[in-house]
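J.: Start counting at 1 in the sequence shown, then tack on 1, and there's your number in the working numbering. No residue lacks a Cβ here, since even glycine has one placed at the ideal position from N, Cα and C. First, the structure itself, so that you have it in front of you.
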Amino acid sequence: MTSFLMPQTTNSSLSTKRHSLQEKTMNIVAQRPPEIALSNRNSFVKDIAFITPILTKHEAAELMAACGELGPDPSSTYFTKRAKNIAYVICLEGQWFQIRADYFIQPQEYNDFSGGYKRSYREMPKEFIDCSATQKVLFAFKSAYQIPDKEPVLVQVQTSHINANNAGQCLTGQGIHSDGADRAILVCLDRNNITGANNAVYGDLAGHQVILPAFQLEEGHAMLWHDDKVFHHVGPAQVADPKAVGTRTVLIAHYPATHYLSGRVNPNNRLGTNPVATTQQLRWQVKGKASQEKVLVGVD
Ligand SMILES: [Fe+2]
């Protein structure tokens, strides 16, 4: 077992720094860094990918409530319906702050399906970064991978909606892929009336080299992995009771994150992507609306 102790700070310094920064450009939150421990399940994969419990059911519910209502994810028109909120967050002097930005651009080099164009989302409300469960996840991610202070992290919380008609569809539209980051964490916050949606980690895009065989990430559990070294996948979900809708809600965070603001390729991640047919590449459909959007990266 490996322990990751969180940095400590004082309430007085928090208050002073919070007020000074509040006058600037960021959304501010006071917080007291928690202490948690992460356990590596398997020594073989511990440096590449591992799974750990991270939130209680109550904490996961608190985190979801702190997100408010999730906004639309237009790209999911082409796969399983999904709602999503995002936040760019940064740790300064032991405190987490949210940076105002409501989009990301995933380079098409990592996502031939829905990469290569600007995707705008609802930003997290202030309650999100104020939430102790959010901070617990962020400090765990930062500690596990020694993410430096002053380095933005992109956080997404999303709910996939599964019903009898779309059961068996791909939840991401991407198959086996890398997200284009160096490090990533995926936390399952809720599974309601679904089966499947199993995660897996592979050493290659074809899925021949199995790092973590397909498994069900339980509520409150996290998978952490080196996104610049291995690929991941989530399998299709089915509704347990076909007469009702099923949902799966997850938090995903990535470091580094600044390249998602610019759309540039992360020089540390050269994993690439499985190609999709040109007719399936969403960036070309967005290009047809370029007069409205005006931000297209890596398309032309
Ligand atoms: Fe992914």
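My output table needs one value for Pro75: the three-state DSSP class, helix, strand or coil.
T.: Walking along the sequence shown from the start, residue 75 turns up at place 74. Helix at Pro75.
J.: Give the DSSP-derived three-state secondary structure of His260 in the structure shown.
T.: As a first step, residue 260 is located in the sequence shown; it is residue number 259 there, counting from the start. Correct three-state label for His260: helix.
J.: DSSP puts Met224 in a beta bridge; with which residues?
T.: Here residue 224 is taken as the residue at index 223 of the sequence shown, counted from 1. Met224 is bridged to Ile52 and Leu187.
J.: Measure from the alpha carbon of Lys119 to the alpha carbon of each residue in Pro75, Cys132 and Glu128, then state which is nearest.
T.: In the sequence shown, counting from the first residue as 1, residue 119 sits at position 118. If we check each option's Cα against that of Lys119, Pro75 comes out closest.
J.: Report the residue from Ile91, Gly95, Asn164 and His222 whose alpha carbon sits nearest the alpha carbon of Pro153.
T.: The residue given as residue 153 occupies position 152 in the sequence shown. Taking only the C-alpha atoms, the option nearest Pro153 is Ile91.
J.: Using the beta-carbon count (16 or more within 10 Å), is Gly169 buried or exposed?
T.: Residue mapping note: residue 169 aligns to position 168 of the sequence shown, counting from 1. Result: exposed.
J.: Between Asp113 and ligand 1, is there a pair consisting of the residue's CB and a ligand heavy atom that are separated by less than 6 Å?
T.: Stepping through the sequence shown from its first residue, residue 113 is reached at position 112. Incorrect: Asp113 has no Cβ contact closer than 6 Å to ligand 1.
J.: If you follow the alpha helix (DSSP H) that Lys137 is in, where does it begin and where does it stop?
T.: What you label residue 137 is simply residue 136 of the sequence shown in a count that begins at 1. Element bounds for Lys137: Ser133 to Ala145.
J.: Based on the DSSP output, what are the partners of Ser161 in its beta bridges?
T.: Within the sequence shown, residue 161 is the residue found at index 160, counting from 1. Ser161 is bridged to Arg83 and Arg249.
J.: Assuming Leu213 contacts Val138 (C-beta within less than 8 Å), just tell me the rounded distance between them.
T.: Along the sequence shown, read from residue 1 onward, the residue named residue 213 stands at position 212. Along the sequence shown, read from residue 1 onward, the residue named residue 138 stands at position 137. Leu213 to Val138, Cβ: 20 Å. No contact.
J.: Quick test of your reading: Leu225 and Phe51, contact by CB under 8 Å. State the CB separation rounded to the nearest angstrom.
T.: Taking the sequence shown and counting its residues from 1, one reaches residue 225 at position 224. Taking the sequence shown and counting its residues from 1, one reaches residue 51 at position 50. Confirmed, Cβ separation roughly 6 Å.
J.: Go ahead and pull the three-state DSSP assignment for Glu128.
T.: Counting from one through the sequence shown, the residue named residue 128 turns up at place 127. Three-state result, Glu128: helix.
J.: In the DSSP assignment, find the unbroken alpha helix (DSSP H) run with Leu64 in it and report its ends.
T.: In the sequence shown, counting from the first residue as 1, residue 64 sits at position 63. Lys58 to Ala67 is the span of the alpha helix (DSSP H), which, as asked, contains Leu64.
J.: What is the rounded straight-line gap between the Cα of Phe142 and the Cα of Ala258?
T.: The residue labelled residue 142 in the question sits at position 141 within the sequence shown. The residue labelled residue 258 in the question sits at position 257 within the sequence shown. Spanning the two alpha carbons is a distance of roughly 14 Å.
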